[in-house]
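Single-structure report; data block below.
In this note's numbering, the protein residues as written are -17 to 366.
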């Protein structure tokens, strides 16, 4: 059932977050990803929708979902995501078919309490589309925004108010600020916070002209009741992810922060990304090759890689994961990693020397200065 390996031997990266996650991965056979998954652990499902529609995509998605259902249908499905541009490329009837088919094939959370989300952009936000997704019982929305111009010049408040009318359980806003400026960013944040979103994700902060230090941005949010998670996520104080952080139960994935128990993310669709156990896989980018693989009853995977236990790159990633999830490093983890890797030892030692880290009981705590250099710190740990 496995497809062919990617000839270029690398993942097609969609975001800086994916790039960080992929750095320590080592190429592995696709079959290895399907070995030894805990029977009782939950799973997530990501359906990927390209920017342009093409014939029979819904049928191909259904068939690929069916391949995975044969192996994973006994597992509890706790997250279902329609990612990319589902409202642009799919007709209402096709989205309805996919929604019902997905729910039929997998075990569900008791009471239907799973996270059921979709991604959208400004052109997707219409009364008809929002009513459709609400009717299909989607409870979470991620709205990606272009922040090059101030919100007033894009009439964005009207769209935010329209979203508010449909009362989704959770609304998240994703901002790419790489081409904006500090004043415009402040204007955007004040506009968005007035609508009380459940998360604001900020990408491209380090690339922004007149870059705003992450610690200063965190202080701006904190004064308005929001807390920083990781290197880009801001959530209100009652958010479930904050509770998981307090329980030391977070992991950093290409799709954001989530509970550590969730180990498997099934990626379905053209160029889809998935995670199985300690490894990741990516589907074929070509719609034609993807279609051929499905029709030949093959999983359309083109590349796969995994973390190698005990490898220097894996040890470094575990420290990066701790930094991003909790902004501190347990001394026990640091000691184990630095004992094996002199390179990791040197990076940690230097971080203490330049006061990015300071010791407190059994942890190395990220300082305000360290927070402002968090991306650089993580890159140095992973550039071994």
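Note that beta-carbon positions come from the ideal geometry of N, C-alpha and C, so glycine has one too.
Spatial neighbours of residue i within its chain, please: C-beta separation below 8 Å, excluding the five flanking residues on both sides.
i	result
residue 107	125, 141, 144, 145
residue -16	Here the model assigns residue -16 a pLDDT of 35, short of 50, so the residue's position is not dependable and the matter cannot be decided.
residue 89	55, 56, 57, 58, 59
residue 249	28, 30, 255, 256, 257, 263, 264, 265
residue 387	The question about residue 387 has no answer here: the residues shown for the chain are numbered -17 through 366.
residue 163	190, 191, 192
Sort the options by Cα distance to residue i and report the nearest one.
i	options	result
residue 150	171, 136, 138, 121	121
residue 66	208, 254, 305	254
residue 14	79, 64, 261	261
residue 252	8, 33, 236, -1	33
residue 156	216, 9, 52, 212	216
residue 58	46, 77, 96	96
residue 138	208, 1, 105, 221	105
residue 30	7, 54, 63, 5	63
residue 200	191, 189, 190, 212	212
residue 228	7, 214, 85, 307	307
residue 177	317, 147, 69	147
residue 39	269, 350, 366, 328	269
residue 3	77, 346, 233, 350	233
residue 244	219, 222, 25	25
residue 296	181, 316, 309	316
residue 221	181, 231, 259	181
residue 310	136, 230, 103, 273	230
residue 18	301, 259, 348, 76	259
Where residue i and residue j are concerned, what is the direct C-alpha to C-alpha distance, given to the nearest angstrom?
i	j	result
residue 246	residue 110	33 Å
residue 271	residue 87	26 Å
residue 287	residue 256	11 Å
residue 332	residue 338	9 Å
residue 278	residue 241	36 Å
residue 210	residue 52	40 Å
residue 323	residue 353	24 Å
residue 193	residue 169	15 Å
residue 130	residue 159	7 Å
residue 238	residue 320	27 Å
residue 74	residue 132	32 Å
residue -14	residue 10	Because residue -14 sits at a pLDDT of 35, beneath the cut-off of 50, its placement in the model cannot be relied upon, and the following sentence gives the value as read from the coordinates. Whole-angstrom Cα-Cα distance: 13 Å.
residue 285	residue 191	36 Å
residue 48	residue 70	24 Å
residue 134	residue 173	9 Å
residue 6	residue 346	22 Å
residue 154	residue 167	17 Å
residue 203	residue 196	11 Å
residue 350	residue 112	41 Å
residue 367	residue 186	Nothing about residue 367 can be reported from this structure: the residues present for the chain run from -17 to 366 only.
residue 22	residue 16	15 Å
residue 327	residue 291	18 Å
residue 342	residue 223	24 Å
residue 294	residue 127	38 Å
residue 165	residue 305	29 Å
residue 152	residue 325	42 Å
residue 1	residue 214	15 Å
Might you give, ordered along the chain, the residues of its own chain that have their beta carbon closer than 6 Å to the beta carbon of residue i, omitting 5 neighbours on each side?
i	result
residue 83	44
residue 175	206
residue -1	236
residue 50	248
residue 357	188
Does residue i pass the burial test, meaning 16 or more other C-beta atoms within 10 Å, or should it be called exposed?
i	result
residue 360	buried
residue 179	buried
residue 119	exposed
residue 355	buried
residue 264	buried
residue 184	buried
residue 364	buried
residue 303	buried
residue 68	buried
residue 8	exposed
residue 367	No statement about residue 367 is possible, as the shown extent of the chain runs from -17 to 366 and does not include it.
residue 61	buried
Please return the same chain residues whose Cβ sits closer than 7 Å to the Cβ of residue i, not counting the five positions on each side in sequence.
i	result
residue 378	What is shown of the chain runs -17 to 366, which leaves residue 378 out entirely.
residue 115	100
residue 161	130
residue 81	118
residue 362	329
residue 219	207, 209
Spell out the partners DSSP gives residue i in its beta bridges.
i	result
residue 126	156
residue 121	None, per the DSSP bridge assignment.
residue 247	26, 257
residue 61	26, 97
residue 217	209
residue 342	345
residue 287	9, 262
residue 238	235
residue 183	156, 215
residue 102	125
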